[in-house]
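Numbering (my numbering), first residue to last: 331 to 397.
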């Protein structure tokens with residue numbers, strides 16, 4: 331499963347015109363686990379609510395191994 335890294339919070343930016351109302355960042359151990367989550371039966375009703383109640387963008391950014 332994933333874990334929240336950022337969930338809301340004040341956004342500080344002086345270098346972009348992108349002004350989101352809210353930012354949520356989830357961390358997953360692997361791209362495969364993120365894909366399994368996003369395509370799971372459990373997430374489908376949540377995704378439908380999110381898509382119906384908001385205008386949002388979603389993307390994946392690969393991180394780095396901190397070890």
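For each residue, glycine too, the CB sits at the ideal point set by N, CA and C.
Our contact map puts residue i next to residue j with C-beta atoms below 8 Å; I'd like the distance itself, whole angstroms only.
i, j, result
"residue 376", "residue 354", "Between residue 354 and residue 376 the Cβ distance is about 12 Å, and since that is not below 8 Å, they are no contact."
Please report the distance separating the alpha-carbon of residue i from that of residue j.
i, j, result
"residue 331", "residue 386", "22 Å"
"residue 342", "residue 371", "35 Å"
"residue 394", "residue 379", "32 Å"
"residue 347", "residue 340", "16 Å"
"residue 374", "residue 350", "24 Å"
"residue 352", "residue 396", "27 Å"
"residue 344", "residue 367", "33 Å"
Spatial neighbours of residue i within its chain, please: CB distance less than 6 Å, with the 5 preceding and 5 following residues excluded, ordered by chain position.
i, result
"residue 333", "357"
Go through its chain and collect everything with a Cβ distance to residue i's Cβ below 8 Å, but skip five positions before and after it.
i, result
"residue 363", "331 and 332"
Output yes or no for whether 8 Å exceeds the beta carbon distance between residue i and residue j.
i, j, result
"residue 361", "residue 391", "no"
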